[in-house]
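**Student:** Residue numbers for the sequence shown, in this note's numbering: 1 to 287.
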Amino acid sequence: MLVSAKEMLQKAREGKYAVGQFNINNLEWTKAILLTAQENNSPVILGVSEGAGKYMTGYKTVAAMVSAMIEELNITVPVALHLDHGSYEGAKKAIEAGFSSIMFDGSHYAIEENIEKTTELINITNAKGLSLEAEVGSIGGEEDGVIGAGEIADANECKQIADLGVSMLAAGIGNIHGQYPANWAGLDFEALARINEATGNMPLVLHGGTGIPDDMIKKAISLGVAKINVNTECQLVFAAATRKYIEAGKDLEGKGFDPRKLLAPGFEAIKDIVKEKMVLFGSVNRA
Ligand code: 13P
1 MLVSAKEMLQ KAREGKYAVG QFNINNLEWT KAILLTAQEN NSPVILGVSE
51 GAGKYMTGYK TVAAMVSAMI EELNITVPVA LHLDHGSYEG AKKAIEAGFS
101 SIMFDGSHYA IEENIEKTTE LINITNAKGL SLEAEVGSIG GEEDGVIGAG
151 EIADANECKQ IADLGVSMLA AGIGNIHGQY PANWAGLDFE ALARINEATG
201 NMPLVLHGGT GIPDDMIKKA ISLGVAKINV NTECQLVFAA ATRKYIEAGK
251 DLEGKGFDPR KLLAPGFEAI KDIVKEKMVL FGSVNRA
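#1: I need the boundaries of the alpha helix (DSSP H) containing N114, first residue and last residue.
#2: Quick one: does the C-beta of T232 sit closer than 7 angstroms to a heavy atom of the ligand 13P?
#3: To which residues does DSSP link A170 through a beta bridge?
#4: In its own chain, which residues sit with a C-beta less than 6 angstroms from the C-beta of G209, not counting the 5 before and 5 after it?
#5: Skipping 5 residues on each side, what residues in its chain have a beta carbon closer than 6 angstroms to that of G224?
#6: Would you call M1 buried or exposed, if buried means 16 or more other Cβ atoms sit within 10 Å of its Cβ?
#7: In the DSSP output, what is I102 paired with across the bridge?
#8: According to DSSP, simplified to helix, strand and coil, what is Q179?
#9: Going by DSSP in three states, V24 sits in which element: helix, strand or coil?
#10: Compute the beta-carbon to beta-carbon distance between Y55 and N25, rounded to the nearest angstrom, for a pair I have assumed lies under 8 angstroms.
#11: Buried or exposed: which applies to R13, given that a residue is buried once 16 or more other Cβ atoms fall within 10 Å of its Cβ?
#12: Identify, in the order they occur along the chain, each residue of the same chain with its Cβ nearer than 7 angstroms to the Cβ of A91, setting aside the five sequence neighbours on each side.
#13: So who's on the other strand from K227, going by DSSP bridges?
#14: What number of angstroms, rounded off, separates the C-alpha of I333 from the C-alpha of R260?
#15: Are the CB atoms of W184 and I173 nearer to each other than 8 angstroms?
#16: So, at 8 angstroms on beta carbons, what are the nonlocal neighbours of P78 in its own chain, with the 5 sequence-adjacent residues on each side left out?
#17: Say the cut is 7 angstroms; is the CB of N25 nearer than that to a heavy atom of the ligand 13P?
#18: Using DSSP bridges, identify the partner residues of E89.
#19: Would L130 and S100 be called neighbours here (beta carbons separated by less than 8 angstroms)?
#20: Locate the beta strand (DSSP E) running through S49, then write down its first and last residues.
#21: For the ligand 13P, I want to know if D215 counts as a neighbour, meaning its beta carbon is within less than 7 angstroms of at least one of the ligand's heavy atoms.
#22: If we ignore side chains and look at the alpha-carbon of each, how far apart do A241 and E233 end up?
#23: Assuming L280 and D214 form a contact by the criterion Cβ under 8 angstroms, report the distance between their Cβ atoms to the nearest whole angstrom.
#24: Secondary structure at G148, three-state DSSP: helix, strand or coil?
#25: Of all the options V62, S87, Y88, which has the alpha carbon lying nearest to the alpha carbon of L81?
#26: Beta-carbon within less than 6 angstroms of K271's beta-carbon, same chain only, minus the 5 sequence neighbours each way: which residues are those?
#27: Return the Cβ separation of E116 and M168 in integer angstroms, given the expectation that the two are a contact with Cβ distance under 8 angstroms.
#28: Could you compute how far the alpha carbon of E268 sits from the alpha carbon of K250?
Okay, here's the thing in structure tokens:
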């Protein structure tokens, strides 16, 4: 069932668990995540970055593939198809193509402009019954070898954006996309507590889910995080399983080169990691 993320995240916030957003890149990724959600009776969010959208030839292709797959695989758990870190123009395109949820990342704008653009998009998503994620503060990451800790979100700015009526709010609290460096300071729970306090019952979003220790994930959920994004970890397990298959020479045995065989270990590895995350986030049997 393709739905907006609003209701599943409000339920998660009330029930003190989180729904996983797993980013997709192709058919194998999408199928693995949908089947795992169904097997575990868990709601799920399929994340699509603008780059992955382009890779899959455009948002229309992605929306058509996801809706058809939900039908053909008899997926009955709630599924949101969500644009990840969308630009203002990208958000409009994804809405037109049939996405059920949108992230507008206006974190690089001054707060006034972030508010203005987020408001314009809320008017569109509300009219269509879609969910909207906004971002305040920035998620860190590596740029030209320089490790950024990310900009910690200001609680007042978070309140201003939350009050606009967004469905979920991503706030930078020292989280980083990709793998965490050995000297990472960890999540800033004092900042998270301030943001949680300032934004009331707003489902908060934790980006950069790859590599965050389990105890920090649980503490973040206890402080209002209701959506956790995971991307790199699926890529790493897919690559490792594929490498193992090829290094064992399996592609050279019989018809082991058939893509349906060659991609199978990576597909299974994604299923395993997604299940592990659903158990950790507490979303199993919450569909
Ligand atoms: P990771 O790649 O670090 O898991 O982050 C995913 C993410 O936050 C997508 O928005």
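From the three backbone atoms N, C-alpha and C, an ideal C-beta is built for every residue, glycine too.
**Tutor:** Once the coordinates are examined:
#1: The residue you call residue 114 lines up with position 114 of the sequence shown. Start and end: 111-128.
#2: Within the sequence shown, the letter at position 232 stands for residue 232. Yes - the ligand 13P has a heavy atom lying nearer than 7 angstroms to the Cβ of T232.
#3: Locating residue 170 in the sequence shown gives position 170, counting from the first residue. Bridge partners of A170: E135, V205.
#4: To locate residue 209, count along the sequence shown from 1; it is residue 209. I228, N229, V230.
#5: Residue 224 sits at position 224 when you count from the first residue of the sequence shown. So the qualifying residues of the chain are N196, L204.
#6: Against the sequence shown, residue 1 aligns to sequence position 1. Its Cβ having fewer than 16 others within 10 Å, M1 is exposed.
#7: Within the sequence shown, residue 102 is the residue found at index 102, counting from 1. Paired residue(s): L83, L132.
#8: Position 179 of the sequence shown, counted from the first residue, corresponds to residue 179. If DSSP states are grouped into helix, strand and coil, Q179 belongs with coil.
#9: Against the sequence shown, residue 24 aligns to sequence position 24. The sequence shown places Ile at residue 24, rather than the Val named in the question. Here I24 sits in coil by DSSP.
#10: On the sequence shown, residue 55 is found 55 positions in, with the first residue counted as 1. On the sequence shown, residue 25 is found 25 positions in, with the first residue counted as 1. 7 angstroms between Cβ atoms; contact.
#11: Counting from one through the sequence shown, the residue named residue 13 turns up at place 13. R13 is buried by the Cβ-count criterion.
#12: Residue mapping note: residue 91 aligns to position 91 of the sequence shown, counting from 1. Result list for A91: L83, I102, F104, L121, in chain order.
#13: Indexing the sequence shown from 1 puts residue 227 at position 227. Its beta-bridge partners are V19, V205.
#14: Because the chain spans 1 through 287 in this model, residue 333 falls outside it and cannot be assessed.
#15: Position 184 of the sequence shown, counted from the first residue, corresponds to residue 184. Position 173 of the sequence shown, counted from the first residue, corresponds to residue 173. Not closer than 8 angstroms, so no.
#16: Taking the sequence shown and counting its residues from 1, the one referred to as residue 78 is at position 78. M1, V3, E7, M8, P43, V44, A287.
#17: Working through the sequence shown from its first residue, we reach residue 25 at position 25. False, no ligand heavy atom lies under 7 angstroms from that Cβ.
#18: For this step, residue 89 is matched to residue 89 along the sequence shown. Bridge partners of E89: none, in fact.
#19: As a working mapping, residue 130 is identified with position 130 in the sequence shown. As a working mapping, residue 100 is identified with position 100 in the sequence shown. Yes, these two residues count as a Cβ contact at 8 angstroms.
#20: Taking the sequence shown and counting its residues from 1, the one referred to as residue 49 is at position 49. 44-49 is the extent of the beta strand (DSSP E) around S49.
#21: Sequence index remark: in the sequence shown, residue 215 carries index 215 (1-based). D215 Cβ: outside cutoff for every heavy atom of the ligand 13P.
#22: For this step, residue 241 is matched to residue 241 along the sequence shown. For this step, residue 233 is matched to residue 233 along the sequence shown. Their backbone Cα atoms lie some 12 angstroms apart in a straight line.
#23: Working through the sequence shown from its first residue, we reach residue 280 at position 280. Working through the sequence shown from its first residue, we reach residue 214 at position 214. The pair is a contact, with the Cβ atoms about 6 angstroms apart (cut-off 8 angstroms).
#24: The sequence position of residue 148 within the sequence shown is 148, counting from 1. The predicted model places G148 with a pLDDT of 47, which falls under 50 and marks its position as unreliable; any figure quoted below should be read in that light. Three-state DSSP puts G148 in coil, outside helix and strand.
#25: For the purposes of this step, residue 81 is taken as residue 81 along the sequence shown, with counting starting at 1. Out of V62, S87, Y88, V62 has the C-alpha closest to the C-alpha of L81.
#26: Against the sequence shown, residue 271 aligns to sequence position 271. A32, T36.
#27: In the sequence shown, the residue the question calls residue 116 occupies position 116. In the sequence shown, the residue the question calls residue 168 occupies position 168. The Cβ separation is near 19 angstroms, so there is no contact.
#28: Within the sequence shown, numbered from 1, the residue matching residue 268 stands at position 268. Within the sequence shown, numbered from 1, the residue matching residue 250 stands at position 250. Roughly 16 angstroms between the two C-alpha positions.
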